[in-house]
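Written below as structure tokens is the structure these notes are about.
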Amino acid sequence: MADATVIRRGGLMDTFLRVIERGGNALPHPATLFLIFALVVVLMSEVVSRFGLEVTHPGTGELVRPVSLLNVAGLHRILTNLVTNFTGFAPLGTVLVALLGIGVAESSGLIATMMRLVVLSAPKGLLTPVMVFAGILSNMASEIGYVLLVPLAATIYQSAGRNPLTGMAAAFAGVSAGYSANLLLGTIDPLLAGLTQEAARILEPAREVSPACNYYFMFVSTFFLTLVGWWVTDRIVDRRLSGTTVGHAEPSAETSQASRRLTRDERRGMWFATFAAALFAAVLLWGTIPARGFLRDPEDFSLLHSPFMSGIVAFIFFGGAVCGLAYGIGARTIRNDAQVMDGMGKSMATLGGYLVLVFFAAQFVAFFNWTNLGIIVAVEGAEALRASGLGGPALMGCFVVLAAGLNLFMGSASAKWAIMAPVFVPMFMLLGYPAEMTQCAYRVGDSVSNIISPSMSYFALIITFFQRYQKDAGIGTLVATMLPYSVVFLIFWSILLVLWLFLGWPLGPGAPTT
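Numbering (numbering that gives the first Met the number 0), first residue to last: 0 to 513.
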């Protein structure tokens, strides 16, 4: 009889996991994938143009024909626009600017201290929902949730007399399966919105997609997923792990440091940060609440197309920088301007791989637009979907499942969306669903399967954490533990999305569902 957390070798689940693991490992680097896709687009533009395929543009009524890049004119266009494709790629600047502000908050210790304060202050009876909730909130930073919160959860659960694996599972579910949800905007919001905007402009060249376009839905999802994660942890995962024998692991130096109570300096830093956040929020309210507020549109004083909405990324930067700086001064983790700049520099240092990825993704998206393949695929695909007879909820449900399935093989949320957005965003726009709705459905599917995807970048790290308490833990152990979260999150989060669509509630400011 196998251990309760080990998947039986040779079983159906074991075979499934091996296929997923080998399939993910067989894929090239995401940047290489975009290079391959860009070359395929160039070749396909020549092939499709020879067949004389044409469609009617749904907006202008004009005939759209494919444009070949496999000629001298195409070569000249590629060479002369190689740099501007990269520098003009919408997600690049927004992510860099937002991450500068988040970098100050992270390097000063503000985000890590916030996570500790939330978790360590939780009553024992509410330990699980607080752990899931803290995991979701940690998504505003880069790796705090994975590196700090997951091992900290095991230590806290063990000290409370509960299974440490249960604590890790609850924290990991919040951090990774609830990846897109949050109470605040993070770096993922402008990143995905930029990719969505580029895709929407295939049909509407002047289309703007706000980083806050899914904010209402993700705000509500934070509390919804906390409750669902609480139920799964206590009713399924904890009961399943109750018969599992785990060892007592000595906490690492980082975990021991994180599990202690806040010091006097850290408490003072939190008060400083709270005051700064309140002052920053007061300025925003002053500029938006009055009918003629200075952050409203200067012409009609509306909020929808105001400097406030178009400057969301700037507010993420200033909010993170101001609160991080205030905390650093109060906690004495920042003593001079050089440390502030070093914090920003460290956040930029983590983007080396992202910049390489964006360079090739930008070329792929540009080629896709130049060749008119984007419009052609969107029109033909929309006609096929319309002919299928599937309604809106069914279409969105299928798209959520597709995103969740692809996530098993390719872990990067931005890389997958850069591939999928140019195809699906225009396609669903032609069926009456705005780009913001398609992006929201993608975020649901992409999040829920993170915790069972061997291709997820922190998957191996979480296995290492599990092995501190169960020596023979492996991929099967982790997936078997986290699979209930993926299944239940997929079902209930999809239901929430369909309900949102049915009620016609806006997904975010100026972002209707249809």
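Virtual Cβ for every residue (Gly too), placed ideally from N, Cα, C.
Is residue j closer than 8 Å to residue i when the C-beta atoms are compared?
i	j	result
phenylalanine 132	glycine 173	yes
serine 48	valine 66	yes
asparagine 84	alanine 412	no
valine 103	glycine 342	yes
leucine 515	leucine 261	Absent from the model: residue 515. The displayed extent of the chain is 0 to 513, so no value can be given.
methionine 139	alanine 152	no
phenylalanine 33	phenylalanine 423	no
proline 312	valine 447	Here residue 312 is valine; the residue named in the question, proline, does not match the sequence. Going by C-beta atoms, valine 312 is not nearer than 8 Å to valine 447.
arginine 64	tryptophan 369	no
valine 443	leucine 496	yes
tyrosine 432	threonine 513	yes
leucine 429	alanine 386	no
leucine 52	isoleucine 375	yes
alanine 275	alanine 330	no
isoleucine 328	leucine 184	no
tryptophan 492	serine 220	yes
glutamate 105	leucine 69	no
phenylalanine 88	phenylalanine 363	no
alanine 414	leucine 356	yes
threonine 332	threonine 232	no
asparagine 181	methionine 217	yes
leucine 99	serine 452	no
glutamate 265	threonine 112	yes
With a 10 Å radius around its C-beta and 16 neighbouring C-beta atoms as the bar for buried, classify residue i as buried or exposed.
i	result
glycine 9	Confidence at glycine 9 is low in this model, with a pLDDT of 46, below 50, so the placement of that residue is unreliable and no value is reported for it.
isoleucine 288	exposed
leucine 78	exposed
glycine 160	exposed
leucine 62	exposed
isoleucine 490	exposed
glycine 507	buried
arginine 334	exposed
alanine 393	exposed
proline 163	buried
tryptophan 285	exposed
aspartate 237	buried
leucine 498	exposed
phenylalanine 307	buried
leucine 278	exposed
aspartate 445	buried
threonine 225	buried
threonine 86	exposed
In this structure, what does DSSP give as the bridge partners for residue i?
i	result
valine 54	Val63
alanine 510	Gly507
Throw me the rounded Cβ distance for the residue i and residue j pair, which I believe falls under 8 Å.
i	j	result
threonine 195	alanine 434	5 Å
glycine 134	alanine 170	5 Å
glutamate 379	valine 39	About 17 Å; that fails the 8 Å criterion.
glutamine 438	leucine 191	6 Å
serine 309	leucine 294	No, serine 309 and leucine 294 are not in contact; Cβ-Cβ is about 10 Å, not under 8 Å.
serine 179	isoleucine 187	7 Å
serine 209	glycine 509	7 Å
methionine 43	leucine 372	6 Å
Relative to the C-alpha of residue i, which residue among the options is closest?
i	options	result
threonine 154	Leu126, Ala180, Gly177	Leu126
proline 425	Phe316, Pro204, Leu496	Pro204
isoleucine 494	Met395, Leu52, Thr221	Met395
tryptophan 270	Val282, Val219, Gly323	Gly323
alanine 30	Ala361, Phe398, Phe367	Ala361
phenylalanine 367	Ala199, Gly327, Pro508, Ser387	Ala199
isoleucine 101	Ala472, Ser137, Asn162, Pro128	Ser137
phenylalanine 458	Tyr468, Met481, Val443	Met481
arginine 239	Gly344, Tyr156, Pro483	Pro483
isoleucine 143	Leu119, Val129, Ile110, Ser158	Ile110
phenylalanine 501	Val478, Met436, Val82	Met436
isoleucine 462	Pro150, Val355, Val339, Val227	Pro150
isoleucine 450	Tyr468, Ile418, Phe488	Phe488
alanine 122	Met455, Tyr156, Val282, Glu105	Before going on, a small fix: residue 122 reads as proline here, not alanine. Nearest option by C-alpha distance: Tyr156.
phenylalanine 317	Phe464, Thr112, Ala280	Ala280
glycine 108	Arg267, Gly473, Lys470	Arg267
tryptophan 197	Ser346, Thr165, Ile418	One detail in the question is off: residue 197 reads as glutamate in this sequence, not tryptophan. Nearest option by C-alpha distance: Ile418.
tryptophan 229	Arg263, Gly177, Ala403	Gly177
alanine 377	Met347, Leu401, Ala420, Asp299	Ala420
proline 505	Tyr215, Leu81, Leu119	Tyr215
glycine 193	Ile474, Trp416, Tyr468	Trp416
valine 82	Ala383, Leu354, Thr476, Val399	Leu354
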